[in-house]
Amino acid sequence: MSYDNLIEVTGRVNDLLNAGSVLSWDARTMMPKGGAETRSKQLATLAVAARNLLCSDETKRALDGAASDVANKADDSPEARIVAQVREAIDYHERIPTELLRRKTELGSSAHEVWAEAREKADFSLFAPALTTMVDINREMAQAIGFEDHPYDALMYRFEPGTTNAGLAKLFARLREGMIPLVRAIGEAEKPRSDFLFRDYPVDGQMEFALNMAKKIGYDTDRGRLDTTVHPFEVSFTRNDVRITTRVNRNYMPMSLFGALHEAGHAMYEQGVDPAYTRTPLATDLISLYAVGGVSFGAHESQSRLWENHVGRSRAFWNNHMDDIRDAYPGTLDDVSEEEFYRAVNRSEPSFVRVEADELTYDFHVMVRCELEAKMVDGSLDVADLPEAWNATMKEYLGVDVPDDGKEGVLQDVHWSSGQIGTFCNYTIGNIMAAQLFDTATAKNPGIQTALDGGDYTPLRTWLTDNVAQHGRRFSRDELLENATGRALDPEPYLAHLTRKYTDIYSLAAA
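Those letters in the sequence shown? Residues 1 to 511, by the numbering used here.
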């Protein structure tokens, strides 16, 4: 057995995971409702088959041979990292009973349809039994994985290795310290005009414009496509087929546009992975059993939030593309200036829905979810009491009175239906990483900002490909940040970005 044998067998693991991704994409975009039950079993079969192949004697023999082959390689070489990651993944999955993985995967598929119906009807009781079972399964997984301080730590390890409940609490505290004064000051400031965002925008026109903007920033549609869904997502079937979705509200155009830009950021990460890593562990999350090249879910979010917010919501972007959006909706925005549009899509006000939240209040939505997840997992919050706790925490953090349990309440996110408990922290970590990366890129290479001012996104995309995407899963999140920015995760550039942006938009310095 040799290194080549290990690449061959883990390539088959990747194939199985990609086949599951195709079925998941279809289930969330085109599958008829009646297909949910059998689809859940199909996905479970593929997940278990991938796990069993990964932990098979064949893979272990190949791993032993590969370890000898790469013994003289540097510890951070692609070959050495592949061997280390496969060994870690086998150890991880052998702690988790196969039947537990099967139950989680089956429920994660069938519960999606239950969640969608409950969300549409704003009836939490429809989803509560499935969520109760999913929380129980995740508790079992946490015990199997192991943890020192809190079971939530074990669940976050699947998505953001190294993140702990205690560390997250400190990070959130620092963010609140910097954000709350801004939120309070904005609450007393004059609000930007935004009426024109709620006019009539035909669905077909929205999809066409959203795709055009995604292509402008660099999304390669020869290796991807855009569809509609209930909850936007990106999915990769290797770097050569990376698909995105968005959702459309005919009377609120920003939903489709920024959803597409956000998912295009995810997609460009996958499309930018080194081609040599295709079908290898450096393009496969062997811990979470996802066929993705991003080193962590937070790193992935850094790319989507960077392109959505630092680029798509920038003043330069709308100075360059206001004529494009006027042409896309003839007569609809003729009375709106570039500056008015920029201010409108960056207005800050507490809201009910995370995916539509502004940059400044977004992380409060994340805090709500992480706090409640941790309590469900440690047993201090019963699932039956979740809606009440949700509404109370939303009131505490955002000052809003949640109207119902559906699209604007506790059922708004898809994550719990698929069993992704422990992943919400990735959004805030992504926000922090996005600011840190963008700050470094533009400071070290002033030509990047000059290009952005002129509507040229290639220099920034190239820098991100060189410093983030091409490496796939070769480096850990903090190694990636250290290499690109010279330091580990640091919230200060993010807080500085928010302070500059909202002080300018709301003239807070003058006030």
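Ideal Cβ placement from N, Cα and C applies to all residues, glycine included.
query	result
Rounded Cβ spacing between Asn18 and Ala291 (contact assumed at less than 8 Å)	5 Å
Beta-carbon proximity list for Trp115, same chain, < 6 Å, skipping 5 on both sides	Phe127 and Ser417
Sequence-distant residues of the same chain with beta carbon closer than 7 Å to Arg12, five excluded per side	Leu53
6 Å Cβ shell around His365 - same chain, five flanking residues per side excluded	Arg354 and Ala357
Presumed contact (8 Å Cβ cut-off) between Arg247 and Thr228, rounded CB distance	6 Å
Residue span of the beta strand (DSSP E) that contains Thr246, given as start and end	Val242 to Thr246
Cross-strand partners of Val235 (DSSP beta bridge)	Arg243
Identity of the residue in Asp335, Gly259, Arg279 and Cys55 nearest Pro97 by Cα	Cys55
Residues near Phe297 in its chain [Cβ-Cβ closer than 7 Å; skip 5 each side]	Phe159, Glu160, Thr423 and Asn426
Anticipated Cβ contact below 8 Å, Val410 with Phe124, distance rounded	6 Å
Sufficient close CB pairs (3 or more, under 8 Å) joining the region 197–217 to the region 258–265	yes
Through-space distance from Ala47 to Arg473, alpha-carbon basis	20 Å
Inter-residue CB distance, Val9 and Ala67 (contact presumed, cutoff 8 Å)	Between Ala67 and Val9 the Cβ distance is about 14 Å, and since that is not below 8 Å, they are no contact.
Contact set for Met394: own chain, Cβ-Cβ below 7 Å, skip 5 residues either direction	Val368, Val400 and Val402
Residues near Arg121 by beta carbon distance below 8 Å, same chain, minus five either side	At residue 121 the sequence reads Lys, which differs from the Arg that was named. Excluding residues within five positions, the ones whose Cβ falls inside 8 Å are Gly406.
Distance, Glu140 Cα to Ser302 Cα	30 Å
Straight-line gap, Asp378 to Ala260 (C-alpha atoms, nearest Å)	36 Å
Distance, Glu340 Cα to Phe438 Cα	25 Å
The region 85–101 / the region 23–37 touching (three or more Cβ pairs under 8 Å)	no
Beta-carbon separation (whole angstroms), Val242 vs Gln271, contact threshold 8 Å	5 Å
Opening and closing residue of the alpha helix (DSSP H) in which Thr485 lies	Arg477 to Thr485
C-alpha distance - Pro446 paired with Tyr502, whole-angstrom precision	23 Å
Reduced DSSP category for Asp404 - H, G, I as helix; E, B as strand; rest coil	coil
Residues sharing a beta bridge with Thr228, DSSP	Thr246
Spatial distance of Thr465 from Thr105 (CA atoms)	32 Å
Among Asp26, Glu492 and Gly455, the one whose alpha carbon lies nearest that of Phe233	Asp26
Backbone secondary structure at Tyr290 - three-state DSSP	strand
Residue ranges of each alpha helix (DSSP H) within the region 6–79, 4 or longer	36–54 and 57–69
Inter-residue spacing [alpha-carbon to alpha-carbon] between Pro493 and Leu175	11 Å
Pairwise C-alpha distance: Phe209 and Ile186	31 Å
Simplified DSSP state of Asp324, which is helix, strand or coil	helix
In DSSP terms, what Asp204 is bridged to	DSSP output for Asp204 lists no bridge partner at all.
Classification of Pro330 by the beta-carbon crowding that lies within 10 angstroms, buried from 16 upward	exposed
Opening and closing residue of the alpha helix (DSSP H) in which Met253 lies	Counting along the chain, Met253 falls outside any alpha helix (DSSP H), and DSSP gives it neither H nor E.
Integer-rounded CB distance, given that Val86 should sit under 8 Å from Glu79	Going by Cβ atoms, the distance from Glu79 to Val86 rounds to 11 Å, so no, they are not a contact pair.
Helix, strand or coil at Phe285 [DSSP, three-state]	The amino acid at residue 285 is misidentified as Phe; the sequence shows Asp. It is a strand residue.
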